[in-house]
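*Asks:*
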Amino acid sequence: MFIVITAEDLIKNEVEILKNMANYPITIHVRKPKWSHEKMKAWLAAFSNIETSKMMLHQHHELSTLFTIKGLHYTEKHKADSNLNTELEQHSKSELTLSASFHDLKEAESQTLFDYNVLSPVFDSISKPNYEGKLFQIQNNLKPIMALGGIKEDNIAITKALGFNGMAVLGSIWKTSNPTRAFMDLFKVYRQHY
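Numbering-wise (the working numbering), the sequence shown opens with residue 1280 and increments by one.
Spelled out as structure tokens, the structure:
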């Protein structure tokens, strides 16, 4: 699985860039923690149903009832919520895909509540300075685990060798002058290894 995580803030031409990316077999994680419900709703309305059907929402999960969304992503903050099990039980009855963030290998390997997990940081982060990678070695995962943190063209093969089932990228796309070109280059290398 190839995951593109959106930048926290709006990027110039972001909607158009994401629409182009949605033509590829990817999943888009919409991560806009500072956005209001209304701002997120208006942003999602700019996409077609086909495009939103590739999106996982990190915030404003309630919008999944208004749009054709692939699923919901649960952050560390969500997982600390005392209502999590009730919410997961409700969503497990829907056709939504559920995913979660983890920073601990054993926790990511052993959980079964989510359809897949995102484990970070694998390599030194591009988008978060001083966030050092841990080179996790996946051994006994019960659900697919995606690598996040410092993913670049030259270390995609390493993520596969470490046992990951795919990868998530953020800084290597949005911290460049040409996000579309960066995506294309990363996706090409990804297809060679996954």
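We put the CB at the ideal spot given by N, CA and C, even for glycine.
Model, not experiment: these values are computed from the prediction.
#1: To the nearest angstrom, report how far apart T1285 and M1335 are at their CA atoms.
#2: Using C-beta distances below 6 Å, list every residue in its chain close to A1426, excluding the 5 sequence neighbours before and after it, in chain order.
#3: For G1412, does the three-state DSSP call read helix, strand or coil?
#4: Which word fits P1304, buried or exposed, when buried means at least 16 other C-beta atoms lie within 10 angstroms of its C-beta?
#5: Grouping DSSP H, G and I as helix and E and B as strand, with all else coil, what is M1425?
#6: What residue ranges within the segment 1357-1392 form continuous alpha helix (DSSP H) runs of no fewer than 4 residues, ordered along the chain?
#7: Please determine, among G1429, L1345 and S1456, the residue with the shortest C-alpha to C-alpha distance to N1409.
#8: Spatial neighbours of F1466 within its chain, please: CB distance less than 7 Å, with the 5 preceding and 5 following residues excluded, ordered by chain position.
#9: Taking the alpha-carbon positions, what's the K1333 to H1308 distance?
#10: With 16 other CB atoms within 10 Å as the buried threshold, where does E1388 fall?
#11: Which first and last residues belong to the beta strand (DSSP E) in which T1306 is found?
#12: DSSP on Y1473, reduced to helix/strand/coil?
#13: Is the CB-CB distance between L1375 and I1348 below 8 Å?
#14: Rounding to the nearest angstrom, what Cα-Cα distance links H1382 and K1454 in this structure?
#15: Output needed for H1472: all residues of its chain with C-beta closer than 7 Å, excluding positions within five of it in sequence on either side, in chain order.
#16: Whose CA, out of A1325, D1288, N1362 and E1317, lies closest to the CA of K1298?
#17: Considering only residues of the same chain and omitting the five flanking positions on each side of D1403, which have a CB-CB separation below 6 Å?
*Replies:* Here's the rundown:
#1: Reading the sequence shown from its first residue, position 6 is the one you call residue 1285. Reading the sequence shown from its first residue, position 56 is the one you call residue 1335. Cα to Cα, T1285 sits roughly 10 Å from M1335.
#2: Counted from its first residue, the sequence shown places residue 1426 at position 147. V1401, T1438, F1443 and M1446, listed in sequence order.
#3: On the sequence shown, position 133 is the one that residue 1412 refers to. Here G1412 sits in coil by DSSP.
#4: Taking the sequence shown and counting its residues from 1, the one referred to as residue 1304 is at position 25. So P1304 counts as exposed.
#5: Here residue 1425 refers to the residue found at position 146 when the sequence shown is read from its first residue. Three-state result, M1425: strand.
#6: 1363-1371 and 1384-1389
#7: Taking the first residue of the sequence shown as position 1, residue 1409 is located at position 130. Cα-wise, what sits closest to N1409 is G1429.
#8: Indexing the sequence shown from 1 puts residue 1466 at position 187. Cβ within range, chain order: F1281 and Y1303.
#9: As a first step, residue 1333 must be located in the sequence shown, where it is residue number 54. As a first step, residue 1308 must be located in the sequence shown, where it is residue number 29. Whole-angstrom Cα-Cα distance: 8 Å.
#10: Translated into positions along the sequence shown, residue 1388 becomes position 109. That one is buried.
#11: One-based indexing of the sequence shown puts residue 1306 at position 27. T1306 to V1309 is the span of the beta strand (DSSP E), which, as asked, contains T1306.
#12: Taking the first residue of the sequence shown as position 1, residue 1473 is located at position 194. Coil, per DSSP.
#13: Here residue 1375 refers to the residue found at position 96 when the sequence shown is read from its first residue. Here residue 1348 refers to the residue found at position 69 when the sequence shown is read from its first residue. Contact flag set, yes.
#14: Against the sequence shown, residue 1382 aligns to sequence position 103. Against the sequence shown, residue 1454 aligns to sequence position 175. The C-alpha of K1454 is placed about 22 Å away from the C-alpha of H1382.
#15: For this step, residue 1472 is matched to residue 193 along the sequence shown. Only I1435, A1436 and K1439 meet the Cβ criterion.
#16: For the purposes of this step, residue 1298 is taken as residue 19 along the sequence shown, with counting starting at 1. When only C-alpha atoms are compared, the closest one is A1325.
#17: Residue numbering aside, residue 1403 sits at position 124 when the sequence shown is read from its first letter. Within the same chain, D1403 has close Cβ partners E1411, G1412 and G1429.
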